[in-house]
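A.B. asks: The structure follows.
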Amino acid sequence: MAEHETGRTAHSQAVSAPTPEAWIKTELARHPQRPYPMDFIAALFTDFSEIHGDRAFGDDAAMSCGMAVFHGEPVMVIGNLKGRTLKERVARKFGSPDPEGYRKALRAMKIAEKFGRPVFTFLDLAGANPGIGAEERGQGEAIARNLLEMSRLRVPTIATITGEGGSGGALALAVSDRVLMLENAIYSVISPEGCASIMWKDASKKQQAATALKYTAVDVKLLGCVDEVLPEPWGGTQNNPEEAMTLVDERLRGNLAELRALPLKTLLEQRYAKFRNIAQFYTTV
Numbered sequence: 156m157a158e159h160e161t162g163r164t165a166h167s168q169a170v171s172a173p174t175p176e177a178w179i180k181t182e183l184a185r186h187p188q189r190p191y192p193m194d195f196i197a198a199l200f201t202d203f204s205e206i207h208g209d210r211a212f213g214d215d216a217a218m219s220c221g222m223a224v225f226h227g228e229p230v231m232v233i234g235n236l237k238g239r240t241l242k243e244r245v246a247r248k249f250g251s252p253d254p255e256g257y258r259k260a261l262r263a264m265k266i267a268e269k270f271g272r273p274v275f276t277f278l279d280l281a282g283a284n285p286g287i288g289a290e291e292r293g294q295g296e297a298i299a300r301n302l303l304e305m306s307r308l309r310v311p312t313i314a315t316i317t318g319e320g321g322s323g324g325a326l327a328l329a330v331s332d333r334v335l336m337l338e339n340a341i342y343s344v345i346s347p348e349g350c351a352s353i354m355w356k357d358a359s360k361k362q363q364a365a366t367a368l369k370y371t372a373v374d375v376k377l378l379g380c381v382d383e384v385l386p387e388p389w390g391g392t393q394n395n396p397e398e399a400m401t402l403v404d405e406r407l408r409g410n411l412a413e414l415r416a417l418p419l420k421t422l423l424e425q426r427y428a429k430f431r432n433i434a435q436f437y438t439t440v
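Whatever position you read off the sequence shown (first residue = 1), add 155 for my numbering.
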């Protein structure tokens, strides 16, 4: 009898185990009503004029780039597009860009560099498009090229992770002087479902994988992968988008002013040093 009760107690504890904080953050980052990158761009910038095509293959519906004005200053803004309706999401590959999307983004960045305009990127994507066509058209090379070119872009750059920051797809837009991350966003090398499938051969262990990946804003800030964590309204950005936009706007202005005050040589040196020293797990004597 005691043995049976012990087993029942253990079962009860397993059923009532609290949801890991990392998984709660994941669900908030993926909330269907959470503002997407273009919502931030529409709220924070004016006079947006979109740039289309990569001048090599085509125009990617999952990536938007364009000139805009930020508090009276001309800038370049770039963000991926997810879409709200099923039709939009399918057309935009659920926000996962193709190689031509990254090449379009790079083309826009080079235009910004030519005219001395700061670059703002906004990210909310699970990763680059994993389709065969994308691989055939050089997905890996396109992402690698963005990493290289962004690391030496001769204008101030600020990246903001608003929801999911997934894998190289996100990193290709985030090699920036300042990387900001909303409090309930995530930034990871792989999705928790993908990690669980590889590590435990069981995608249902996604909550365990979420905790192990250490991809919440607090975790990646401790690793040095982001420069600043931005607070959100209670319960998430979707509960009060206006308040969230105001908070993001304030920090974007502050960071841009700091970067504008730096000589170009110092700006590039600091960017180089930051990415050389990210996530080091050793010390030297």
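Glycine residues also receive a C-beta, built at the ideal position from the N, C-alpha and C atoms.
This one's a predicted model, so the numbers in the text were calculated from it and none came from an experiment.
In three-state DSSP terms, what is SER322?
C.D. replies: helix
A.B. asks: Leaving out the 5 sequence neighbours to the left and right, which residues in its chain are closer than 6 Å to TYR191 when beta-carbon positions are compared?
C.D. replies: LYS237, ASP279
A.B. asks: Just curious, the alpha helix (DSSP H) that GLY295 is in, first and last residue?
C.D. replies: Unbroken alpha helix (DSSP H) run through GLY295: 294-306.
A.B. asks: Between the beta-carbon of ILE298 and the beta-carbon of ALA327, is there less than 7 Å?
C.D. replies: yes
A.B. asks: Go to ALA197, then tell me how far its alpha helix (DSSP H) extends in each direction, as first and last residue.
C.D. replies: 192-199
A.B. asks: Taking ASP194 as the reference, which of VAL330, THR276, GLY213, ASP332 has the closest Cα?
C.D. replies: When each option's Cα is compared against that of ASP194, the closest is THR276.
A.B. asks: Helix or strand or just coil, what does DSSP make of TYR427?
C.D. replies: helix
A.B. asks: Hey, would you say the C-beta of ASP382 is under 6 Å away from at least one heavy atom of the ligand MN?
C.D. replies: Among the components of this structure there are no ligands whatsoever, and the ligand MN is therefore not found.
A.B. asks: In the DSSP assignment, find the alpha helix (DSSP H) that holds THR444 and state where it starts and stops.
C.D. replies: Since the first and last residues shown for the chain are 156 and 440, residue 444 lies out of range.
A.B. asks: Check TYR370 in the structure and name its three-state DSSP category.
C.D. replies: coil
A.B. asks: Just grab the DSSP bridge partners of LEU183 for me.
C.D. replies: None; LEU183 has no bridge partner.
A.B. asks: For ALA340, which of VAL381, GLY293, PRO273 has the nearest alpha-carbon?
C.D. replies: When only C-alpha atoms are compared, the closest one is VAL381.
A.B. asks: GLY409 to ASP332, Cα distance in whole Å?
C.D. replies: 13 Å
A.B. asks: According to DSSP, is PHE212 part of a helix, a strand, or is it coil?
C.D. replies: coil
A.B. asks: Can you find the residues in the same chain that come closer than 7 Å, C-beta to C-beta, to ALA364, ignoring five residues on each side of it along the sequence?
C.D. replies: PRO347, CYS350, ALA351, MET354
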